[in-house]
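A.B. asks: The numbering of the sequence shown is the working numbering, which starts it at 361 and goes up by one.
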Amino acid sequence: MVMDVMAAAARIEEAGGRVIHMEVGQPAAPAPATAIAAAKAALALGRIGYTEALGVPSLRARIARHYAESYGLALEPARIAVTTGSSAGFMLAFLALFEPGDRVAVAEPGYPPYRHILSALGCEPVAIEISAGTRWALTVDALLAEHRKKPLAGVIVASPANPTGTMVPGEALGELFRACEQAGIKYISDEIYHGLDYAFAAATAAKLSDNLVVINSFSKYFCMTGWRIGWMVLPEALVRTVERLQQNLAISVPTLSQVAAEAAFDGRAEMETVKHGYEENRKILVEGLPPAGLDKFMPVDGAFYLYADVSRFCGDSFDFARRMLEETHVAATPGVDFDPKRGKNFVRFCYAGSAAEMHEAVARIGEWLGKSKRSSAT
Ligand SMILES: Cc1ncc(COP(=O)(O)O)c(C=O)c1O
């Protein structure tokens, strides 16, 4: 459905309208200058060949060092696998961990490709509804209740999450992992939005145990969506399996992107400035949307999403998003993409644009909702 919104936004732009794009979950900023410079220098050398299937050793070592610097965790570079974005990390993890027919739990609302990739591989995604009662987090009780119905082979946990932008504190993640460990449920932690945490510091699951899979990416914090590069932290016993899968499925990850990714770590100061921009945008929305009429949304803890309840205005978020786009030129994503059942009540706004755009979006939405209120009263 987000594609339909994008197509409608493109039509408005072709006709000369100016759309504020809050529908797609990607940063507006480019990759760090250090990454771009390293890629240019590598290109100037000429030959771009294959690399080791698990990634260039210096990049794997640099990622391991990132865990020491950011989380105080010593990790063996041998446990790092470089992947073509976290998207390829999911495919590799699911192939390495699960068999066709396996049941794997995912939170609903959640990132749709989890369930789509699982289904494509013959696994059964098991949606567990999360709600305000648990601060939009998967809980031990809900997970074990599902496991008792029919055993689960695995679970995917994301914090900060998409589409909600909510985060789970480290202690709760620890409880969830320990329950999984006892029940024999394999634990996959999607940490793609790490670095973009505002409410409290995101905790890496890699600190809980060596026996789980962490998936991360350069797409979001490092603004490198189109470079298609990410990584996994693997249990030692899974490294060889993932290496063989990657050798056969992809040979290796694009070399130029690996070079750029390694240099991206030297561009953190630039990325922190980008992050502060998101923080400012978050403040503009959190303070501006309630007086504009949208006063019900999930805790806006991290990532760059605000998931708003629009049920007060409309029972069909697709129609809400369509009308908002046509009448205010603000594009957002209907929640049905993330939650086939309750998503009709929600719309996701991505606040990775500029502060000026956020102010304008709030003003346009306020005027629009005010007008609809006035016309429904008459
Ligand atoms: C929660 C989550 N995980 C994974 C991805 C995939 O990102 P990439 O393949 O660019 O690393 C996304 C992209 O939006 C996402 O929102």
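Built from N, CA and C at the ideal position, the CB exists for glycine as well.
Return yes when the C-beta of D550 is under 7 Å from any heavy atom of ligand 1, and no when it is not.
C.D. replies: In this structure, the C-beta of D550 approaches ligand 1 to less than 7 Å from one of its heavy atoms.
A.B. asks: Y471: beta carbon under 7 Å from a heavy atom of ligand 1?
C.D. replies: yes
A.B. asks: May I ask you to verify whether the segment 559 to 570 touches the segment 400 to 420, counting CB pairs closer than 8 Å and requiring at least 3?
C.D. replies: no
A.B. asks: Is I548 near H507, with beta carbons less than 8 Å apart?
C.D. replies: no
A.B. asks: Buried or exposed for D570, please, with buried defined as at least 16 other CB atoms from any protein chain shown within 10 angstroms of its CB.
C.D. replies: exposed
A.B. asks: Going by DSSP, name the residue or residues bridged to H381.
C.D. replies: A691
A.B. asks: Near V619, which residues of its chain fall below 7 Å by C-beta distance, leaving aside the five closest residues on each side in sequence?
C.D. replies: A398, A399 and A402
A.B. asks: Applying the 10 Å Cβ sphere with the 16-neighbour rule, what's the burial state of R600?
C.D. replies: exposed
A.B. asks: Once the 5 residues before and after G730 are set aside, which same chain residues still bring their CB inside 6 Å of it?
C.D. replies: none
A.B. asks: Just verifying my parser: in three-state terms, what is the DSSP assignment at C710?
C.D. replies: DSSP places C710 in the strand class (E or B) of the three-state scheme.
A.B. asks: Can you have a look at A737 and say buried or exposed, based on whether 16 or more other CB atoms are within 10 angstroms of its CB?
C.D. replies: Any reading at A737 must be qualified, since the residue scores a pLDDT of 48, below 50, and its modelled position is unreliable; the value itself is stated next. Its Cβ having fewer than 16 others within 10 Å, A737 is exposed.
A.B. asks: Going by beta carbon distance, what residues of the same chain come within less than 6 Å of V660, once the five residues before and after it are set aside?
C.D. replies: G525, R642, V646 and L666
A.B. asks: Please report the residue range of the beta strand (DSSP E) in which G590 lies.
C.D. replies: G590 to V593
A.B. asks: For N705, which option in L481, L605, F678 and P650 has the closest C-alpha, if you only look at C-alpha atoms?
C.D. replies: F678
A.B. asks: Mind checking who T585 pairs with in its DSSP beta bridge?
C.D. replies: Answer by DSSP bridge pairing: none, since T585 is not bridged.
A.B. asks: Say yes only if the C-beta of T585 is nearer than 7 Å to one or more non-hydrogen atoms of ligand 1, and no if none qualify.
C.D. replies: yes
A.B. asks: Whose CA, out of A388, M527 and A505, lies closest to the CA of G662?
C.D. replies: M527
A.B. asks: Mind checking who E489 pairs with in its DSSP beta bridge?
C.D. replies: Assignment of beta-bridge partners to E489 by DSSP yields E468.
A.B. asks: Taking the straight line between their C-alpha atoms, what separation do you get for E484 and P472?
C.D. replies: Using only the alpha carbons, I get a separation of about 14 Å.
A.B. asks: Cutting at 6 Å between CB atoms, please list the residues of its own chain near E541, excluding the five before and the five after it.
C.D. replies: Within the same chain, E541 has no close Cβ partners at all.
A.B. asks: Looking only at C-alpha atoms, which of A413, A456 and R628 sits nearest to A438?
C.D. replies: A413
A.B. asks: Measuring CA to CA, which of V517, A518, R495 and A487 is closest to D505?
C.D. replies: The question names Asp, but residue 505 in the sequence shown is Ala. When each option's Cα is compared against that of A505, the closest is A487.
A.B. asks: Can you give me the start and stop residues for the beta strand (DSSP E) that S671 sits inside?
C.D. replies: Note, S671: premise wrong, no beta strand (DSSP E); not H, not E.
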